[in-house]
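Each remark here refers to the structure printed beneath this line.
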Amino acid sequence: MTALALEDVTLTHPDGDGRLTALDAVSLTVAPGELIAVVGPSGSGKSSLLAVAATLLRPDSGRVVLAGRSAGELTERERTRLRREHVGIVFQQSNLLPSLTAVEQLLAVEHLRGGDVRAARIRAAALLASAGLAGDRHGRRPHQLSGGERQRVNIARALFPGPSVLLVDEPTSALDHERGARVMDLLAEVTREHGTATVLVTHDRELLDRADRVLAMTDGRLAPA
Ligand code: ADP
Ligand code: MG
Numbered sequence: 006m007t008a009l010a011l012e013d014v015t016l017t018h019p020d021g022d023g024r025l026t027a028l029d030a031v032s033l034t035v036a037p038g039e040l041i042a043v044v045g046p047s048g049s050g051k052s053s054l055l056a057v058a059a060t061l062l063r064p065d066s067g068r069v070v071l072a073g074r075s076a077g078e079l080t081e082r083e084r085t086r087l088r089r090e091h092v093g094i095v096f097q098q099s100n101l102l103p104s105l106t107a108v109e110q111l112l113a114v115e116h117l118r119g120g121d122v123r124a125a126r127i128r129a130a131a132l133l134a135s136a137g138l139a140g141d142r143h144g145r146r147p148h149q150l151s152g153g154e155r156q157r158v159n160i161a162r163a164l165f166p167g168p169s170v171l172l173v174d175e176p177t178s179a180l181d182h183e184r185g186a187r188v189m190d191l192l193a194e195v196t197r198e199h200g201t202a203t204v205l206v207t208h209d210r211e212l213l214d215r216a217d218r219v220l221a222m223t224d225g226r227l228a229p230a
């Protein structure tokens with residue numbers, strides 16, 4: 006089964022008087038439990054690829070299929086629901102909320118939805134622990150955590166709703182090699198354990214041995230690396 010498919014996707018951005026082609030006829034399918042790495046220089050279109058896959062940006066042409074549903078055929082509201090239910094996103098900048106503890110970062114969404122907070126708290130703690138965040142860190146706020154620990158919270162938060170697709174943008178760029186390697190290990194592990202279709206983009210060609218497939222992005226075109 007395909008968890009995520011991009012079919013002949015082209016995306017342009019406004020650029021002065023004209024348009025800049027960020028994605029040029031990109032096709033990609035990702036199966037559950039598969040970890041795909043996309044490498045490429047800065048400006049080649051990697052973040053644009055993730056934004057389209059996440060249905061945050063609408064392509065100019067082509068199709069994005071998430072969990073069997075074609076995103077372009079949905080209303081804005083249906084697309085938002087599809088994204089919430091199926092897509093976990095880990096951005097390069099840890100966009101954690103400064104005033105919330107690690108556990109609360111995961112629970113914030115659950116609160117908004119009015120779910121069972123006590124059960125959610127137990128599940129959040131278990132997920133943080135499985136992401137390698139020691140128990141004594143769960144009550145800390147972002148500024149009291151290291152960069153590597155913040156990335157672990159980010160990853161746990163993205164996984165909390167049980168997404169089928171996990172999109173990760175340059176997760177190791179702010180980390181030293183050793184911490185970066187541990188975060189890559191974690192991403193490979195969660196891909197197997199949670200069965201997510203994971204797309205990881207990076208400009209760092211090291212640490213790619215964990216990926217099932219490596220693709221290269223050059224000027225908006227995607228090809229086997
Ligand atoms: P990468 O993540 O590989 O660095 P991006 O997807 O961010 O690449 O950018 C691809 C190209 O699209 C770049 O030339 C970038 O300047 C341009 N671009 C990205 N986002 C926007 C935007 N919102 N508006 C205009 N141009 C953009
Ligand atoms: Mg980028």
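With my numbering applied, the sequence shown covers 6 to 230. Positions of the beta carbon are idealized from the N, C-alpha and C atoms, including for glycine.
Distance cut-off 7 Å: residue i Cβ against heavy atoms of the ligand MG
i, result
"Asp174", "yes"
Cβ-Cβ distance between residue i and residue j below 8 Å
i, j, result
"Gln156", "Ser99", "yes"
"Leu16", "Thr60", "no"
"Val108", "Gly140", "no"
"Leu191", "Pro147", "no"
"Leu71", "Val92", "yes"
"Gln110", "Asp174", "no"
Cβ of residue i within 8 Å of any chain B Cβ
i, result
"Gly119", "The chain inventory of the structure shown lacks chain B, comprising one protein chain alone."
Spatially closest choice to residue i from the options, by CA coordinates
i, options, result
"Pro229", "Asp22, Thr177 and Thr34", "Thr34"
"Glu78", "His91, Pro64, Gly38 and Arg89", "Pro64"
"Ser32", "Val122, Ala139 and Thr7", "Thr7"
"Leu172", "Ala179, Glu183, Arg184 and Asn159", "Asn159"
Helix, strand or coil at residue i according to DSSP, with G and I counted as helix
i, result
"Leu62", "coil"
"Gly67", "strand"
"Ala42", "strand"
"Thr85", "helix"
"Ser47", "coil"
"Met6", "coil"
7 Å CB neighbourhood of residue i in its chain, flanking five on each side removed
i, result
"Asp217", "Glu39, Leu40 and Ile41"
beta-carbon residue i near the ligand ADP non-hydrogen atom, thresh 7 Å
i, result
"Leu227", "no"
"His143", "no"
"Gly21", "no"
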